[in-house]
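Note sheet for the following structure.
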Amino acid sequence: MSLADLSITDAVARLAAGEVTSVDLTAAVLERATMTEADLHCYLTIDRDGAFASAAASDTRRQTGATVGPLDGIPVAVKDNFSTRGLETTAASQLLAGYHPPYDAHAVERLRAGGVVLLGKANLDEFAMGSSTENSAFGPSRNPWDSNRVPGGSSGGSAAAVAVGSAMGAFGSDTGGSIRQPASLCGVVGVKPTYGRVSRYGLIAFASSLDQIGPLARTVDDAALLLEGVWGHDRRDATSYTGDYPELRRSLSSGVDGLTVGLVTQFGGEGYEPEVMAATRATLDKLSGAGAEIVEVSIPTVDVALSAYYLIAPAEASANLARFDGIRYGNRVEGETTEELMARTRAEGFGPEVIRRILLGTYSLSAGYYDAFYGQAQRVRTRLIQEFADAYEAADVLVSPTSPTVAFKLGAKATDPLAMYLSDICTIPSNLTGHPAMSVPVGLDGNGLPIGFQVMAPALAEERMFAVAAEIERLVGFTARPTLTGVAAV
Amino acid sequence: MAIDIDIAHVARLARLALDDDELETYRRQLGLILEHAAKVQAVAASDYEPIAHPLGLTNAFRVDEVKPSLDRDEVLSQAPDHADGYFVVPPALDAP
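Sequences listed follow chains A and B, in order. Under my numbering, think of the first position of the first sequence as 183, with each following residue one higher. Under my numbering, think of the first position of the second sequence as 4, with each following residue one higher.
Given below as structure tokens:
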């Protein structure tokens, strides 16, 4: 077994025991990237020199007993919409090609301060808009389980890298499912914490009331360790949560005995693959066997959550992306006037999905349509939050498939925006409510493609969510990994 | 429900210089998406206040104190065009 396949918790133990060095781990993971990148394209930028310098510095600290945190020396990737000072940051947009941010995102600052080795910047759909990474201006990433299929998105590069071992863990952002859906399609754990738990400072904004940073990892314990490495209050993000942050890893062995698990009945039926539903039911049976009470819960407004999302998210995006105008940073297309310069820069710099969402958001915010679309969507959001609050009176956690389908083929949904949007139907409600949710792999379908199971919890109840996810991980015993021969053969 | 969109007006508001073919494609696609999105109008939600922050946080205050800002040269180095500490753009207003 290569060191690249170690879990983070195992790697931490072996570093502490002096059996391996951070340079060893970093070399193993970058060697895996060398083997797989031509096929999978998980990364937009790999910072080999920076990574080895950080790893060597970590090893020096360890020799003198001066390690700076539990993740010291662990090599991870961040999605390329995290600002990294001096390291190219594009959000997978042509408009930002060559941009070197003058500051680090809060999450990146925290990782650096914790001694984490930053391997590079993972591929994504342009400005995190998409569910397949096919909207990356620099070419799609591919799924390590079958490289003819998408890894999901928008954090598809992060998910694929963790699955194949070209990162020990990774961070993504989740606005409508962009961590959980690719985690599901790549067979890894993906977590969207409660809104406000991780500072958005330095995250290139998509929809500010929905965006949340979170980890992708191969185990629930690793995901907890990664999340603890970046969450906490930061006053540079006015929406950052000011209350307490629990120690997640303490609750991982608490089990599900006596808990009530609610299956959301709206997540099923037409469009859901039978094998996905079968894996969901099998997981519920195992939870029942471990002492959980299983109930069915109806949340009717979930049926229009997708509609509300596709008004709210583009509206916020149209405002956030106004800053990309070819004046202060990024690339420029010249014009006779400033307005012409801006309009040409934006039309040439943005890809079609980004333009579509900017137009959609601009329309739904424009005079005469605001109340009918955006205003009504915000009311639906309030109603959804109320219905979830009622559902949590009946159940401690809510569950569903993470995605209605397993990984689909490249190009299968690329020309039908609505079909693509439907792949986030189970994940979007948690962004609208701000509640935490995570995906755990629970099996493979007949074609050997991973199936994810979603655990949702009330606001700030990450401890409970992680406890249930850890129990599912033990009960299901999902240990499958994509075969490297399949990857290398293409 | 058919939705009529003045797509050229929307593109102008969004500062996107699109040609006629592109405008027509986006007009058609937006129509389909908005038809789906208009489902929100069927939900009796008038009893619910619109929400902006999912946890209901309102203002976040901080101490008003001077702190170092980003390095000006490093910031300007990322601009497509700059001179003497300024960003350079073509005329923003019509000549009188």
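From the three backbone atoms N, C-alpha and C, an ideal C-beta is built for every residue, glycine too.
The three-state secondary structure of Val260/A, taken from DSSP, is strand. Proximity of Phe353/A to chain B, defined by a Cβ-Cβ separation below 8 Å, is not satisfied.
Residue nearest to Ala501/A within the set Ser548/A, Glu522/A, Glu316/A and Thr665/A is Ser548/A (criterion: CA-CA distance). Under the 8 Å criterion on CB atoms, Pro640/A is classed as non-interfacial with respect to chain B. Closer than 8 Å to the CB of Gly396/A there is not a single CB belonging to chain B. Under the three-state reduction of DSSP output, His85/B falls in the strand class. In the DSSP assignment, Pro397/A falls within the unbroken beta strand (DSSP E) covering Gln394 to Ala399. For Phe555/A, the closest Cβ of chain B is nearer than 8 Å. Around the beta-carbon of Met524/A, 16 or more other beta-carbon atoms lie within 10 Å, marking it buried. Between Val260/A and Val290/A, the C-beta spacing is below 8 Å.
The beta-bridge partner set that DSSP reports for Arg331/A consists of Lys591/A. Interface with chain B (8 Å Cβ-Cβ cutoff): Ala499/A is excluded. Looking from the CA of Thr597/A, the closest CA among Gly557/A, Glu316/A and Ala343/A belongs to Glu316/A. When secondary structure is reduced to three states using DSSP, Val536/A falls in the helix class. By the beta-carbon neighbour count (other beta carbons within 10 angstroms, threshold 16), Pro482/A is exposed. Looking at the backbone, the Cα of Pro623/A and that of Gly335/A are separated by about 16 Å.
A Cβ-Cβ distance of about 7 Å is found for the pair Ala619/A and Val637/A, placing them in contact under the 8 Å criterion. Annotation for Gly450/A: Met459 place their beta carbon closer than 7 Å to its own, counting only its chain and skipping 5 residues before and after.
Per the Cβ contact rule, the segment 41 to 56 of chain B is in contact with the segment 548 to 564 of chain A (3 or more Cβ pairs under 8 Å).
Judged by DSSP in its simplified three-state form, Thr465/A adopts helix. For the beta strand (DSSP E) assignment, the uninterrupted runs of no fewer than 3 residues enclosed by the segment 333 to 379 of chain A are, from N- to C-terminal side, 351 to 356 and 371 to 374. Closer than 8 Å to the CB of Ser435/A there is not a single CB belonging to chain B. In the displayed model, Thr191/A falls within a helix according to three-state DSSP. Annotation for Val13/B: the continuous alpha helix (DSSP H) segment containing it runs Ile10 to Leu16.
Val479/A has Val446/A as its beta-bridge partners, per DSSP.
At a beta-carbon threshold of 8 Å, the residues of chain B lying near Thr520/A are Val92, Pro93, Pro94 and Ala95, ordered along the chain. Within the same chain, Cβ atoms closer than 6 Å to the Cβ of Leu33/B are found at Ile8, the five residues on either side in sequence being excluded.
Contact check for Asn325/A against Ala352/A fails: the beta carbons are separated by 8 Å or more.
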